[in-house]
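*Asks:* I'd like to ask some things about the structure below.
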Amino acid sequence: MKMPTKDTLFTTRVAANSPPLCKRGARGDLRLALPSNAPSIVQRKKLALQWARFGYRLAAFIEHLRSAIRNIALLFSQPGNQLYRSKRTARTDKHNHRYTQPKPEWLKREIILIKARMPQAGCRTIADLCNRRFAASRRITVGKTFVHETLQRHAYEVQILRRNLKQAKPKAVPRNLVWGLDLTGKIDTHGKLHALLGIIDHGSRALIHLQALHDKTTQTIINELRQTVRAHGKPKVIRTDNEGMFRSPAFGKALEQLGIRHQRTTPGCPWQNGRIERLFGTLKEKLDQWAVAGIEQLNHDLKIFRHWYNHIRPHQNLDGRTPAETWQGINPYVKPPIQEHWFEAWDGLLAGYHLRY
């Protein structure tokens, strides 16, 4: 039997009068031999697009028909053949609390307040704080996304509230409740540095002790503290920083014997003992302009400063009263003074009216 050649293999006819199925092109590649009346490529693309549109419309119609059938079935399956369905209940979280209801305004204010008080807290931390406070008591929870969106919309309010909290007047506390104790220094005309011990009462802002020390050992500070306690009574708490003499066992034992609780600030946070730091700011503002020859003159001048600070200088956080008036419970806006005289010291650096009651 004679085998067909490569040229005759691709020109095999289905019938005697039918055209070849395939033929070779000019480059030798195989091409489908279409009849002369076959549609062109553009016509085939248009036809395919029409069929695609028809399929899309048919699928949409079928989906619409399915939805209508479901609605009809649901309508007749309800008791009493009600025409309209009742409102769906809101979904609940793991605590069985509704979270699709709009959040109340007080909750947004709480989120703003927490961010103002805790600027380093993230959205997840604030959400956890709110949920711990209000999940059981008010049956409402928040997520970190809601907290983030709330803080973004109220970023300016958070900044204003933070500024107001920083500038707020401290709450009044009774005298001899907390004392602030710290050390500073002054260089005399001979170049010697003298340590200054200051003790302030937090409630009245009274400067109850200010002394230049020969040394700043623990025993010297304990002796000065005991002398101050005998003169003005003892507080319940003494607040200091973390300097070496304040961390010594001898200082802690002395406070324990006096019945005073020791409270140390966080390392690197001097603002936690801000009242004594603010006092030293006022002292250095005047003392840097005043020259002293030695420790005797320095202690004499410090007594004058202490008198001016307690009896003459009005204090902003005491509503314009002096620390001595606050310590004694005198209201100068109600009780008139018996006597007044002009006070001036340190070549005019310390000046003001001294009112006697």
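FYI, this note's numbering numbers position 36 of the sequence shown as 59, with every residue one higher than the one before it. Backbone N, C-alpha and C fix where the C-beta goes; we use that ideal spot for every residue, glycine too.
Which partner residues does Trp363 have in the DSSP bridge list?
*Replies:* Rather than Trp, the amino acid found at residue 363 in this sequence is Glu. Leu378, per the DSSP bridge assignment.
*Asks:* Could you name the residues of the same chain whose beta carbon sits closer than 6 angstroms to that of Glu180, not counting the 5 residues immediately before and after it, in chain order?
*Replies:* These residues qualify, in order along the chain: Ile135.
*Asks:* Once DSSP output is grouped into helix, strand and coil, what is the label at His255?
*Replies:* Three-state result, His255: helix.
*Asks:* Kindly list the residues whose CB is nearer than 8 angstroms to the CB of Glu266, restricted to its own chain and excluding five residues on each side of it in sequence; keep chain order.
*Replies:* Excluding residues within five positions, the ones whose Cβ falls inside 8 angstroms are Leu206.
*Asks:* On the premise that Ser227 lies in contact with Arg198, defined as a C-beta separation below 8 angstroms, what is that separation, rounded to the nearest angstrom?
*Replies:* So it is a contact: roughly 5 angstroms between Cβ atoms.
*Asks:* Given a cut-off of 9 angstroms on the beta-carbon distance, is the pair Ala273 and Gln242 in contact?
*Replies:* Contact flag set, yes.
*Asks:* If you measure between the beta carbons of Pro360 and Tyr332, is that distance less than 9 angstroms?
*Replies:* For Pro360 and Tyr332, no; Cβs fall outside 9 angstroms.
*Asks:* Take Thr168 as the anchor and find which of Ala150, Ala158, Pro258, Arg89 has the nearest alpha-carbon.
*Replies:* Selected option, being the one with the closest Cα: Ala150.
*Asks:* What span of residues does the alpha helix (DSSP H) with Gln312 cover, start to end?
*Replies:* Here Gln312 belongs to no alpha helix (DSSP H), and DSSP marks it neither H nor E.
*Asks:* One question on the structure: do Thr288 and Asp264 come within less than 9 angstroms of each other, judged by their Cβ atoms?
*Replies:* Yes. Within cutoff.
*Asks:* Does the beta-carbon of Asn296 have 16 or more other beta-carbons within 10 angstroms, so that it is buried, or is it exposed?
*Replies:* Flag for Asn296 reads buried.
*Asks:* Apart from the five residues just before and just after Trp365, which ones in its own chain have a Cβ nearer than 7 angstroms to its Cβ?
*Replies:* So the list reads Tyr376, once near-sequence residues are dropped.
*Asks:* How would you label Pro142, buried or exposed, when you count the other beta carbons within 10 angstroms and need 16 or more for buried?
*Replies:* When all chains shown are included, Pro142 counts as exposed.
*Asks:* Between which residues of its own chain and Glu367 is the CB-CB distance below 6 angstroms, once the five residues before and five after are set aside?
*Replies:* Within the same chain, Glu367 has close Cβ partners Ala374.
*Asks:* Report the three-state DSSP secondary structure of Arg108 (helix, strand or coil).
*Replies:* Its pLDDT being 48, under 50, Arg108 is placed unreliably in this model, and the value from its coordinates should be taken loosely. Three-state DSSP puts Arg108 in coil, outside helix and strand.
*Asks:* Return yes when the Cβ of Ile353 is within less than 9 angstroms of the Cβ of Arg344, no when it is not.
*Replies:* Yes; because the gap between Cβ atoms is below 9 angstroms, this pair is in contact.
*Asks:* Out of Gly256, Phe157, Val315, which has the shortest C-alpha to C-alpha gap to Leu216?
*Replies:* Nearest C-alpha to Leu216: Val315.
*Asks:* Measuring only between beta-carbons, confirm whether Ala254 sits less than 9 angstroms from chain C.
*Replies:* Of the protein chains in the structure, only one exists, and it is not chain C.
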